[in-house]
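In this note's numbering, the protein residues as written are 66 to 411. Glycine is no exception: its CB is placed at the ideal position from the N, C-alpha and C atoms.
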């Protein structure tokens, strides 16, 4: 009696396609180091395209993915990324970016791990493309990309209804660039500041975590000083935080307020910007920009306060964390353990 083969019958065309894939993978392996990521991402897109097309046109079942994974890993044992799960991710990747032009010009420029973060964490195609562009422009690591998504950067920067007078005080191109730089609200989830704190305490806390603060502000900011001194008519005035923005080529003054916006805040910032433009600004710099960070704001109050001012000023809210810092949270007992200790004392 002839023994039945345990090897499953392969779909028609599988062996030929497998050989084509092996040749394509070998070609990708010999690309220069600088283009290695781009080639690998494009390769993954092509594999995902091949899987989807064959499943849709030839009716290949899910079991083929397991077989393909085993064959590729056997042929290329030194390469990571050919697990069945990753092959399914390649299929999703192709499905998300069928447009080859978007692939070549954008998503192939960021690592595969970043692309998986976008696939798994961002549902909107337009929003994924926005985060991909920001990743390229700012050189975000995967951890930074995750943080920006978790804090809703797209909503706070691209989708926010921002309160400013930039259109009326800056040239059109500069106005758009400055507006794109600002967020609303800013999220200082790395700080623990008591509710009754003064502006000085918030300022000190931000400077102590300057790296995190700069990350939240965005790329291009360089700190020139805190409590930056200006002398006018023999009187001393202090700008809470003064930055220079390298991409915008302008001074950037920040005024911190531990309460809701008041109209007089705008007048004070307008004065600071006039003094900075007269005393500090280089002739080649763009006009200085002011940002008032406060706990809350009324939109109409801000609009009226900024309407007739001649200096570019933006107003944004900030949010502080209401969570315990991670190091402290690790030292505290879990709720169940705390409950057990209290019950023992009773």
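| task | Go ahead and pull the three-state DSSP assignment for residue 305. | result | strand
Residue 188 in three-state terms, based on DSSP:
coil
*How do the segment 224-232 and the segment 203-210 stand: do at least 3 beta-carbon pairs fall below 8 Å, yes or no?*
no
Considering only their Cβ atoms, is the gap separating residue 358 from residue 319 smaller than 8 Å? yes
Looking only at its own chain, which residues have a Cβ that is under 6 Å from the Cβ of residue 113, when we skip the five neighbours before and after it? 155, 156, 158 and 159
Suppose the cutoff is 8 Å on Cβ atoms and the five residues either side in sequence are ignored; what does the same chain contact list for residue 117 look like?
156, 159 and 160
**Study point:** Whether residue 152 touches residue 133 by CB criterion (8 Å)
**Key:** yes
| field | Three-state secondary structure assigned by DSSP to residue 357 | value | strand
- Query: Helix, strand or coil: which one does DSSP assign to residue 277?
  - Reply: helix
Output the distance between the C-alpha atoms of residue 246 and residue 338, rounded to the nearest integer angstrom. 18 Å
Buried/exposed call for residue 144, threshold 16 Cβ in 10 Å:
exposed
Local conformation of residue 227 per DSSP, three classes
coil
Residue 315 versus residue 297 - alpha carbon distance: 21 Å
Quiz item: How would you write the range of the alpha helix (DSSP H) that residue 116 sits in, first residue to last?
Solution: 101-122
Handout entry: Beta-carbon proximity check, residue 335 vs residue 384, cutoff 8 Å
Key = no
How is the alpha helix (DSSP H) around residue 149 delimited, first residue to last?
149-161
Practice item. Return the CA-CA distance between residue 248 and residue 83, expressed in angstroms with no decimal places. Key: 49 Å
Item to complete: Compute the beta-carbon to beta-carbon distance between residue 31 and residue 321, rounded to the nearest angstrom, for a pair I have assumed lies under 8 Å.
Response: The question about residue 31 has no answer here: the residues shown for the chain are numbered 66 through 411.
query: What residue does the alpha helix (DSSP H) around residue 332 start on, and which one ends it?
result: 328-344
Report yes if the CB atom of residue 331 is closer than 8 Å to the CB atom of residue 356, and no otherwise. no
Report task. Using alpha carbons as the reference points, say which of 174, 328 and 91 lies closest to residue 363. Result -> 328
Which complete beta strand (DSSP E) runs does the segment 192-268 hold, if anything under 3 residues is left out? 251-253
Discussion item. Rounded to the nearest angstrom, what separates residue 81 and residue 104 at their Cα positions?
Written reply: 22 Å
Exercise. Does the beta-carbon of residue 219 have 16 or more other beta-carbons within 10 angstroms, so that it is buried, or is it exposed?
Worked result: buried
Worksheet item: Mapping DSSP to helix, strand and coil, what is residue 175?
Response: coil
field: Cut-off 8 Å between Cβ atoms - residues of its own chain near residue 123, not counting five sequence neighbours on either side
entry: 76, 77 and 78
Review point. Which whole-angstrom value describes the C-beta separation of residue 140 and residue 87, a residue pair presumed to lie in contact below a C-beta threshold of 8 Å?
Key: 6 Å
request  = Measure the CB-CB distance between residue 379 and residue 326 and report whether it falls below 8 Å.
outcome  = no
So residue 440 and residue 183 are in contact, right, with Cβ under 8 Å, and what is the actual spacing, rounded?
-> As shown, the chain starts at 66 and ends at 411. That puts residue 440 outside it, with no answer to give.
According to DSSP, is residue 322 helix, strand or coil?
coil
Margin query: Please classify residue 290 as buried or exposed, where buried requires at least 16 other C-beta atoms within 10 Å of its C-beta.
Written below: exposed
**Request:** Give me the Cα-Cα distance between residue 282 and residue 217, rounded to the nearest whole angstrom.
**Result:** 14 Å
- Query: In or out: residue 343 buried (at least 16 other Cβ within 10 Å) or exposed?
  - Reply: exposed
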